[in-house]
Structure formats: structure tokens, C-alpha cells
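Q: Would you mind keeping the following structure in view while I ask a few things?
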Amino acid sequence: MSNGFLSQEEIDSLLNGDSGSEKENNVEEEQLSDIEKDLLGEIGNISMGSASTALHQIINQQVHITTPKVSITTLKEIKEGFDYPTIILDVEYVTGIIGRNILIMKITDAAVIANLMMGGNGEVDSIELSDIEVSAVQEAMNQMIGSAATSMATMFAREVNISPPHSKIWRALEESISDSIDEKEEIVRVCFDLKIGELLESNIMQILPIPTAKKIVSIMMGEEIEKFNNVEAKIEDIKAEEIAESNLQQDISSSRVEEAIMSKEINVNQPTIEVNKASFVPLESKKIGEANKNIDLILDVPLNISVVLGRTKKSIKDILSLSTGSLIELDKLAEEPVEVLINGKQIAHGEVVVIDESFGVRITSIVNGVDRINSLR
68 MSNGFLSQEE IDSLLNGDSG SEKENNVEEE QLSDIEKDLL GEIGNISMGS
118 ASTALHQIIN QQVHITTPKV SITTLKEIKE GFDYPTIILD VEYVTGIIGR
168 NILIMKITDA AVIANLMMGG NGEVDSIELS DIEVSAVQEA MNQMIGSAAT
218 SMATMFAREV NISPPHSKIW RALEESISDS IDEKEEIVRV CFDLKIGELL
268 ESNIMQILPI PTAKKIVSIM MGEEIEKFNN VEAKIEDIKA EEIAESNLQQ
318 DISSSRVEEA IMSKEINVNQ PTIEVNKASF VPLESKKIGE ANKNIDLILD
368 VPLNISVVLG RTKKSIKDIL SLSTGSLIEL DKLAEEPVEV LINGKQIAHG
418 EVVVIDESFG VRITSIVNGV DRINSLR
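Just so we're aligned, residue 68 is where the sequence shown starts under the working numbering, counting upward by one.
Spelled out as C-alpha cells, the structure:
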């Protein structure tokens, strides 16, 4: 500045500085509006409410996951501002929604949950987790994310399935939180308050890529359905045009064939070929009930029905080391249908329900006839 006036360079730098900050603000505004953030917070509140119910059933303590706070950030900023070690669960949506969902929990909170799952009182002195305790916490987080996906399926009125979760412990700043998301990529962070009885008051974090968050918002606002209907209408128009064009080509081909036949001289010496319409013997329809005539004789034969929750293989050493409180991991995931067997043969899939004070199974799908016949061979 000279004589009280700004130089041209100073004016340019001020203008560039203002425009730069303005661009940054515009980028953040374009990523998610306030309405979209509020909607994501409400969706997170409902889905994590289901997750808290699942955790309550596991640890037998009152669990509250509330007060979602939505913000735009990066994994790099999260790493710099979050205490470690932490336990991370990374899942991928495979149907209903395409994208990822990452759940992050402090290792101190995980230690309390593991202690409660092992039959303890929730009071822990060390934050170091054994392999069994890590497996227990990972299973609890699997149950939570599975319940959250089920809740989202209800909200979206569509099936929402997730891939088998990948979990790990983040121990150092140099380690990556997720291999599928770049640390400098902007993401949506949803922080929740976590309260477990009188034992714990902390927070838990959910991370969504921007495209996944946009997808969720568009589904809830009905924009995706409108886009789908527009695409479907365009497909129908294209199909109609293809059918009309196909019919036109057939008409042109038929007229050309007729012209060729009319213009060709017919050789009178050549014997004519008589062409008759093909005739088929009418098929005899089976009488109704004829196939079931013999089945009536065995309707009162009792059959054994069993439900398989899951299976696993263990060595003799592992079996001998089992004791009260031991955990056995099955090959089935949470929320995955159970198998319904009759006399040892699978005939259906179902989900476990509670009827009065007993367990039951609600049939969700029946194994088709071909698969049942193949299972008998």
C-alpha cells in the first residue's frame, strides 16, 4: 500500500482470496443442503435406534444412541481429531442402495461392551482386548449394522442387503481407516451420543460417502422413483419403436417375396407341390385330483421339522476347551434366513420370531421343486 491506496497486486490478491473462499463455501453447499443433512440425521436416528435395540438384547443393558450431528469432512480430518485405538466396521450395500457404510467405535467403549457380553458388570481397567473380546464386539457391531439395514429397508419400502462386514482395529495415525475411500475425499460424518445404562456416556460415528448419502436422500424424497419411472417410460417408448420397425421390415420382406413369386414364370411341366396345414393331435388334459389321489393315503404320516440356525466346524481341541460363556461363531450372518428342514431335507427359508413365550419361524421362501428333487438324488 502506498499513499493510502492499494496497489493492483494487492487488489488482485484480495479478489482471488475472496473468490477462493467463496468457491470452498459453494462446494460445501453443493455437496449437501441443510434439508438433506436434516433428512440424513433423521434417517440415522431411526436406523441407529434399531441398532441400539439389537445391542440392548446382547448386553442386557439400556442402550441409547441419539442426537445425530451431520457434517461434511474427510477421513484425514477424522484421523487427526479422533482418539485411537478404535474399532472399525466397514460394510457395503449390495441391494437397495449402492455404496458403503462405516461404523467407528472407541476401543474403551468396545471394552465395556465386551465385558458385558462375557457376563461381567461392565467395569474395565484395561483397554486391551483379547481375541475373544474383539470377536464379541465385532459380532455386536454386526448385529447393530444389520438391524440398521433392516430399519432402512422398512423406511425405503425396498429390500436392503449388505455384504459380510469387514472389521479391524485402527491403532496408529499412519494406518488407513478404509481402503475403499481416499483420505482426501469428502464424506458425510454422522456422530451419535452413545449411552449404556449408568456405565458409559460416549459417542459413536457413522461415515457415508457423498454418493451414498445422496442416494439415500433421493430415495426418501421420492426423486429416485420419479427418475426410475422416466427411464422406464423411455424404455417402453424404445421397445414400441423397435416393435413398429420390426413389423415394418416384415411387411417389406413379405411384399418383396410376393412380387418375386408373381414375376417368376411357372413351369407347367414341373409337378406342383401340395402344401397342407400342419395338424396336431389334441393333448388330453389330466383330470383334476388324479395326481393327488395317492397322496391322500399318507396325509396323516408325521414328519419331523427342524430349523437350522447355522453350522460350523471345530477341532477336537476347540471342543474340549468349551466352557460356560464360550462363544461359537456360526457360518450364518445376522438377519440371514434360517433353513427349515423336513426329515433332514431343506424345503424352505425363514426368519426366527417370538410367539408368546416360544420361538417360531416365519416362512420367507419355499425351495422350488427342481431343487427339492435334486436334493433327493
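Just so it is clear, CB atoms sit at the ideal spot from N, CA and C, and this is done for glycine as well.
(1) Determine, using beta carbons only, whether I254 and V161 come nearer to each other than 8 Å.
(2) Assign Q413 to one of three DSSP states: helix, strand, or coil.
(3) Could you spell out the range, first to last residue, of the alpha helix (DSSP H) harbouring T379?
(4) Any idea if D157 is buried or exposed, counting beta-carbon neighbours within 10 angstroms, 16 or more meaning buried?
(5) Please check the pair P404 and T431, which I expect to be a contact at CB under 8 Å, by giving their CB distance rounded to whole angstroms.
(6) What is the C-beta distance between E396 and S202, in whole angstroms, given that I count them as a contact (C-beta under 8 Å)?
(7) So Q129 and G213 are in contact, right, with Cβ under 8 Å, and what is the actual spacing, rounded?
(8) Which residue marks the beginning of the beta strand (DSSP E) containing K399, and which one marks its end?
(9) DSSP three-state label for S269, please.
(10) For V407, count neighbouring Cβ atoms within 10 angstroms of its own Cβ and tell me buried if that reaches 16, exposed if not.
(11) Measuring alpha carbon to alpha carbon, tell me which residue in G392, E418, L370 and T153 is nearest I244.
(12) With the cut-off set at 8 Å, would you say G392 and M185 are in Cβ contact?
(13) Taking the C-alpha atoms as reference points, what is the distance between H233 and Q413?
(14) Within this structure, are the beta carbons of I409 and I372 separated by less than 8 Å?
(15) Pairing CB atoms from the segment 164 to 179 with CB atoms from the segment 275 to 283, are three or more of them under 8 Å?
(16) Relative to the C-alpha of L106, which residue among E418, M219 and V428 is closest?
(17) Hey, would you say I132 sits closer than 8 Å to L261, going by beta carbons?
(18) Quick check: the Cα distance between L240 and R429, rounded to an integer number of angstroms?
A: Based on what the coordinates show:
(1) no
(2) If DSSP states are grouped into helix, strand and coil, Q413 belongs with the strands.
(3) Where T379 is concerned, there is no enclosing alpha helix (DSSP H), given that its DSSP letter is neither H nor E.
(4) Its Cβ being crowded by 16 or more others within 10 Å, D157 is buried.
(5) 6 Å
(6) 7 Å
(7) Actually they do not touch by this definition, with Cβ atoms about 21 Å apart.
(8) Taken as a continuous stretch (DSSP letters only), K399 belongs to no beta strand (DSSP E), as it is neither H nor E.
(9) strand
(10) buried
(11) Nearest to I244 by C-alpha distance, out of G392, E418, L370 and T153, is T153.
(12) yes
(13) Computed Cα separation, rounded: 30 Å.
(14) yes
(15) yes
(16) With distances taken between CA atoms, L106 lies nearest to M219 out of E418, M219 and V428.
(17) yes
(18) 47 Å
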